[in-house]
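Protein chains in written order, with our numbering: chain A, 82 to 516; chain B, 82 to 516.
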C-alpha cells in the first residue's frame, strides 16, 4: 500500500542528473514514492506508546546467549558464495571447490565478514596447528630468524582497513557477450577487512637486509606451496604479516595462523599460511609469475609483475540478478577502490553515461580500502542503464569497456577494471549489458 | 632461544618514559630482547628459497571452501565470553544466560566480530521472522507509518563505525577490594562495529513531527518489551535504524532484523528488535529509567537520564589474567573511546602514573568509536603498574579511581570510567590493583 498520491514528482531541489537521480540531501516530505505503509493513527495506539502485535516472540522468553553468536536461521541459506554454473558433474570431477565469492549484494557497508571474504586457493585449505607453524626470514639477511604466532604478538602491531581483490575478478566481462551471472559471480572476488599484524619492515629491521636485496620470495604452507616475488621497496613499505582479521584470529580459509598482506597488489601475492620469506637479488620466476598472472597485450607480448590494482567501482544494488518490483525511490549503492590510494570521486549515471551525478562517499575514505558510495534514485518505470565511474586521488579514472579493449585487447584475464553497466527493463528486470 | 647477548639495554633514542616505555619508532636492530629465534642460515636453505618442514598440511591437499568460512579448530574453544564466577548453581537457578562479554584480550584491532559482540537482554533473544516484523512510527507525527526490512533497504542509508558500551561495564571496580577477574570480565561490555542503516531523521522527515515532540519512546519486540526514552534532539541527530552489522544482516543477539543505534549513549538505549517509536511530549518514565539506569550520588539523590558515555580507556594486553613469561620486548595495547566525539590523546604509564608516555593512536580516529592505542615496552623484570589515561577532543580526561569515588561515591553501578591499573609482579603475574 503506497501512501503517496503523486509519487513520481521530483522537486527541483532534489534533481541531480537525468533519469531520476536525486541529490543526497533529498526531502522525503516532498511526496516521493517510498515503501513505507500507512499505520493506524491515534485510535489504535492512543496516547499509549506500546506497539501492537502478539507474535510468539513477544509472548515467551527468548534463548540464552551463545559462546559465539550465530546468524538468524532466516539468513543462513540466503547467501550465494559460489558461481551458479558449478554443475554437479563439475564438482564431482574436481572433487573440491577452491573458489568462493563475496556476496556483494548482501553487503551495505565496507567490511566483509571474515566468513564471507572471497577465497581462492590452489590446493585447498590446510588445517595448520599453530604450535607447529613458524615463519622463517632468510636469504640475503644479516641474521636469519624464525617467528611463531606467539612471538609475533609481542612486536609492535598495526591495524589497517584494506581491500583485497583477485586480479581475475570481473574477467568474464572480456567475453564477446554479456554473461547473465549475478553481481556476486562477476565481481565477488573482492572484499574488505580490518587486518592487524606486524609490518614486515619491522622484522626486516631485525634480520637486516643486504645491499643486494632486490626482491622477497614468499611461500605458503599449503600443499601447493604457493609462492610469489615482491619488490623489496614494497616489502619495506606497507606490507604486513597479518595475524588478525576483523578482531579475531585469521580464519583457516584466509591463512591461519599468519598471512602476508600486500595492500593494493593483486590478491594472490598476499600469500596465505605464510611460512617463508626469502630475501633475494632476483624474483623466483615461478609458475604464478610466468604462465599465470601475466597479461597478454594486443601485440602478443605479455605484461609481467603487473601487481598494482587499478581504480574500480561497481554498483552492487540494484544489480543483476535483482529486479525492481515497483516504481519509486531506491538507493543506488556500491563499492569503489584503488590499489594506489584513496578514492577521490564516484559518479553515477542512470542513462548509460550521458549524464552523471556525484555520488555521496561514506567517510572515512581510506587508502587501499573499499569506499561505499550512494545515490538516491526515483525510478519512473522507464528503461535505464546504471553505471558508476570511480576516480582515485591520483586522477586514475575507470575506462569504459570499449576503451579497455581498445588499449589492452581481449586476450587476457587479469586486471579488468572497466565501467559496469546494469540494464533496467520496463518490467524492472536487471541485466548485465555492454553499453 | 633468545638471540640477544645484552637484551635489556635501551638505546637513548628509544626512551619514552620511565620503567622501559619505548618510542613507537623503535630500532629493532639495537639488540632489544625479542621473541624471535635464530634460524639455520645458508647451508640449510642455500640459495633455495623454499622453506623447510614436512608437516601433514604440506603433504596433502587441504579442504574445500565452505559457504561460511569458520574459525580454526584451534581457536574455537579458546574464547572466554562469560564471567568466570557463573557457578553451576547460579546457572541452574537462572536457567538461562542473558549476558556475554567481548573477549578484549583476543582483539587487536577495533572491530569486534559480530558473533563476539557483548550481549545483554532482559528476557532472552527472540527468534523473529523478518516477514512478520514491522517498525511503526506513531504518536505526535503528521502521518504514522510502518516499515519492514525490505522497505527500509530502499531508503538512503549510512554506514558508521561506533562503539557500544553497557553503562554497567567495569562496575565491579567500585567494590572495596580489587577483583581478580579477567580484563574481559571487568571491561568486556564494550564492542565496536560498522553499523549500516537508515537515519531516524530521514524517517521522521517522512512522518513529520509535531511542535510538541520532545521525546521518542522506543520499544523492542522481545518478551521483555524493553523500552527507553530519548530526547528528540538526539533522535534527529545521529540515531539510526540499523539493519546491517559488519557487512551482513544483524545477528539475532544484536537485534535482528532491525535495532535502534544511538551513538555514544549507554548501551541499553539502543533498543534491539525495534518495533515501535512513539513520538511524545514526555518520557515514558519506565522501570529502565527510574529504578534502573540511574546513578545514586553521595547526597543520596540520583542522576536520571545520564545517557552520555564518558571518556574511557583500558589496556587489554598485557592485562589480568595474563602473565609475562620472560623479560624483554612487549607491546602494551588497548582501546579508548568517548561518547561525545573523538579520542585526542592516550597516555601510558608503567610506574603507576608517575611518568607518562604518549601512546600511538591508530588512524583513522573516528567519533564515538573505539580507538586502538599502542606503546612498545621493554620489561626488565621489575615490579610495574600499567595504566592508560584517555582524553577526548573536548578535553574530557579519565579520572583516577580515587577522584571518581570522591566525586560520585560508591553507591552506584553505572558510568564508572576511571583509570585501570594492572600490577605486574617480579614473577610476571598480572593482577588487577587499585593504585
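Ideal Cβ positions, reconstructed from N, Cα and C, are used throughout, including at glycine.
- So is residue 135 of chain A in contact with chain B if we call contact Cβ pairs under 8 angstroms? Sequence index remark: in the first chain, residue 135 of chain A carries index 54 (1-based). False, the Cβ-Cβ gap to chain B never drops below 8 angstroms.
- Task: Using three-state DSSP, classify residue 222 of chain B as helix, strand or coil.
- Result: Counting from one through the second chain, the residue named residue 222 of chain B turns up at place 141. It is a strand residue.
- Option nearest residue 184 of chain B by Cα separation, candidates B:203, B:104, B:410, B:272: As a working mapping, residue 184 of chain B is identified with position 103 in the second chain. Measuring from the Cα of residue 184 of chain B, the nearest candidate turns out to be B:272.
- Own chain residues within Cβ distance below 7 angstroms of residue 126 of chain B, not counting five before or after: As a working note, residue 126 of chain B is residue 45 in the second chain. Because residue 126 of chain B sits at a pLDDT of 44, beneath the cut-off of 50, its placement in the model cannot be relied upon, and the following sentence gives the value as read from the coordinates. If we look at residue 126 of chain B and ignore the five residues flanking it on each side, it has no Cβ neighbours.
- Rounded straight-line distance, which links the Cα of residue 290 of chain B to that of residue 83 of chain A: What you label residue 83 of chain A is simply residue 2 of the first chain in a count that begins at 1. What you label residue 290 of chain B is simply residue 209 of the second chain in a count that begins at 1. Its pLDDT being 44, under 50, residue 83 of chain A is placed unreliably in this model, and the value from its coordinates should be taken loosely. Their backbone Cα atoms lie some 20 angstroms apart in a straight line.
- Please go through the segment 188 to 265 of chain B and give each complete alpha helix (DSSP H) segment of 4 or more residues, from N-terminal end onward. 230 to 233
- Between the CA atoms of residue 186 of chain B and residue 103 of chain B - distance to the nearest angstrom: Along the second chain, one-based indexing puts residue 103 of chain B at 22. Along the second chain, one-based indexing puts residue 186 of chain B at 105. Each residue's alpha carbon lies about 22 angstroms from the other.
- Indicate the three-state DSSP secondary structure (helix, strand or coil) for residue 413 of chain A in the structure shown. Counting from 1 along the first chain, the entry for residue 413 of chain A is found at position 332. Three-state result, residue 413 of chain A: strand.
- Message: Taking 8 angstroms as the threshold (beta carbon to beta carbon), is residue 138 of chain A in contact with chain B?
- Response: Looking up residue 138 of chain A in the first chain gives position 57. Yes, because at least one Cβ of chain B sits closer than 8 angstroms to the Cβ of residue 138 of chain A.
- Item | Top-ranked residue by Cα proximity to residue 138 of chain B, from A:511, A:139, A:91, A:353 | Numbered from its first residue, the second chain carries residue 138 of chain B at position 57. For the residues A:511, A:139, A:91, A:353, the minimum Cα distance to residue 138 of chain B belongs to A:353.
- Return the first residue and the last residue of the alpha helix (DSSP H) that residue 287 of chain A is part of. Here the question's residue 287 of chain A lines up with position 206 in the first chain. Residue 287 of chain A -> alpha helix (DSSP H) spans 281 to 288.
- Task: For chain B, find out if any of its Cβ atoms is closer than 8 angstroms to the Cβ of residue 227 of chain A; answer yes or no.
- Result: One-based indexing of the first chain puts residue 227 of chain A at position 146. By this cut-off, residue 227 of chain A is an interface position.
- Three-state secondary structure assigned by DSSP to residue 467 of chain B: Sequence index remark: in the second chain, residue 467 of chain B carries index 386 (1-based). When DSSP states are grouped into helix, strand and coil, residue 467 of chain B belongs to the strand group.
- Task: Report yes or no: is there a C-beta of chain B within less than 8 angstroms of the C-beta of residue 240 of chain A?
- Result: Position 159 of the first chain, counted from the start, is the residue given in the question as residue 240 of chain A. Yes, because at least one Cβ of chain B sits closer than 8 angstroms to the Cβ of residue 240 of chain A.
- Supposed contact pair residue 498 of chain A and residue 479 of chain A - C-beta distance, whole angstroms, cut 8 angstroms: As a working note, residue 479 of chain A is residue 398 in the first chain. As a working note, residue 498 of chain A is residue 417 in the first chain. About 6 angstroms separates the two Cβ atoms, so the contact holds.
- Task: Using only the heavy atoms of the ligand ZN, determine whether one of them is closer than 7 angstroms to the beta carbon of residue 207 of chain B.
- Result: For the ligand ZN, the structure offers nothing, since it holds no ligand at all.
- Message: Do residue 198 of chain A and residue 310 of chain A have their beta-carbon atoms positioned less than 8 angstroms apart in this structure?
- Response: Here residue 310 of chain A is taken as the residue at index 229 of the first chain, counted from 1. Here residue 198 of chain A is taken as the residue at index 117 of the first chain, counted from 1. Their beta carbons are not under 8 angstroms apart, which means residue 310 of chain A does not touch residue 198 of chain A by this criterion.
- Query: Going straight from the alpha carbon of residue 514 of chain B to that of residue 484 of chain B, what length do you get?
  - Reply: Residue mapping note: residue 514 of chain B aligns to position 433 of the second chain, counting from 1. Residue mapping note: residue 484 of chain B aligns to position 403 of the second chain, counting from 1. Residue 514 of chain B and residue 484 of chain B: Cα-Cα distance of roughly 16 angstroms.
- Message: Excluding the 5 residues flanking residue 358 of chain B on each side, which residues of the same chain have their C-beta closer than 6 angstroms to its C-beta?
- Response: Here the question's residue 358 of chain B lines up with position 277 in the second chain. The answer, listed in chain order, is 218, 297, 299.
- Item | Under the three-state DSSP convention, the category residue 437 of chain B falls into | Position 356 of the second chain, counted from the start, is the residue given in the question as residue 437 of chain B. Residue 437 of chain B: coil per DSSP, three-state reduction.
- Task: Could you spell out the range, first to last residue, of the alpha helix (DSSP H) harbouring residue 486 of chain B?
- Result: Within the second chain, residue 486 of chain B is the residue found at index 405, counting from 1. Element bounds for residue 486 of chain B: 482 to 489.
- Query: Does the Cβ-Cβ distance between residue 469 of chain B and residue 360 of chain B come in under 8 angstroms?
  - Reply: Taking the first residue of the second chain as 1, we reach residue 469 of chain B at position 388. Taking the first residue of the second chain as 1, we reach residue 360 of chain B at position 279. Taking 8 angstroms as the Cβ cut-off, residue 469 of chain B and residue 360 of chain B do not qualify as a contacting pair.
- Message: If the criterion is Cβ atoms closer than 8 angstroms, does the pair residue 503 of chain A and residue 400 of chain A meet it?
- Response: Working through the first chain from its first residue, we reach residue 503 of chain A at position 422. Working through the first chain from its first residue, we reach residue 400 of chain A at position 319. Result yes, Cβ atoms of residue 503 of chain A and residue 400 of chain A sit closer than 8 angstroms.
- Closer than 8 angstroms at the beta carbon, the chain B residues around residue 197 of chain A: For the purposes of this step, residue 197 of chain A is taken as the residue at position 116 of the first chain. Within 8 angstroms Cβ-Cβ: 149, 150, 328, 329.
- Within the 8 angstroms Cβ cut-off, does residue 337 of chain A reach chain B? Along the first chain, read from residue 1 onward, the residue named residue 337 of chain A stands at position 256. Yes - at least one Cβ of chain B is within 8 angstroms of the one on residue 337 of chain A.
- What residues in the segment 376 to 406 of chain B have a beta carbon less than 7 angstroms from any beta carbon of chain A? The segment 376 to 406 of chain B vs chain A, Cβ under 7 angstroms: nothing.
- Item | Limits of the beta strand (DSSP E) - the one that residue 296 of chain B falls within | The count along the second chain starts at 1 and reaches residue 296 of chain B at position 215. Per DSSP, residue 296 of chain B belongs to the beta strand (DSSP E) from 296 to 301.
- Identify the contact partners of residue 202 of chain B in chain A, using a Cβ-Cβ distance below 8 angstroms as the criterion. Here the question's residue 202 of chain B lines up with position 121 in the second chain. Per Cβ cutoff of 8 angstroms: 143, 146.
- Query: To which residues does DSSP link residue 377 of chain A through a beta bridge?
  - Reply: Start at 1 with the first residue of the first chain, and residue 377 of chain A comes out as number 296. According to DSSP, which records beta bridges pairwise, residue 377 of chain A is partnered with A:383.
- Beta-carbon proximity of residue 393 of chain B to residue 488 of chain B, cut-off 8 angstroms: Mapped onto the second chain, residue 393 of chain B falls at position 312. Mapped onto the second chain, residue 488 of chain B falls at position 407. Not a contact, by the Cβ cut-off of 8 angstroms.
- Query: When the Cα atoms are used, what is the spatial distance from residue 190 of chain B to residue 276 of chain A?
  - Reply: Position 109 of the second chain, counted from the start, is the residue given in the question as residue 190 of chain B. Position 195 of the first chain, counted from the start, is the residue given in the question as residue 276 of chain A. Taking C-alpha positions only, residue 190 of chain B is separated from residue 276 of chain A by approximately 7 angstroms.
- With a CB to CB cut of under 7 angstroms and the five nearest residues on each side skipped, what residues in its chain are close to residue 345 of chain A? Here the question's residue 345 of chain A lines up with position 264 in the first chain. Closer than 7 angstroms at the Cβ level, and outside the excluded window around residue 345 of chain A, lie 389, 390, 420, 421, 449.
- Message: Our contact map puts residue 221 of chain A next to residue 294 of chain A with C-beta atoms below 8 angstroms; I'd like the distance itself, whole angstroms only.
- Response: As a position in the first chain, residue 221 of chain A is number 140, starting the count at 1. As a position in the first chain, residue 294 of chain A is number 213, starting the count at 1. The beta carbons of residue 221 of chain A and residue 294 of chain A sit about 5 angstroms from each other, so the pair counts as a contact at 8 angstroms.
- Message: Let me see if you follow: with CB-CB separation under 8 angstroms, is residue 511 of chain B close to chain A or not?
- Response: Counting from one through the second chain, the residue named residue 511 of chain B turns up at place 430. Chain A, which has no Cβ nearer than 8 angstroms to the Cβ of residue 511 of chain B, makes this no.
- Item | Bounding residues of the alpha helix (DSSP H) (the contiguous stretch that carries residue 45 of chain A) | Residue coverage of chain A in this structure runs from 82 to 516, which leaves residue 45 of chain A outside it and unanswerable.
- Query: What number of angstroms, rounded off, separates the C-alpha of residue 520 of chain B from the C-alpha of residue 196 of chain A?
  - Reply: Residue 520 of chain B is absent from the model: chain B starts at 82 and stops at 516.
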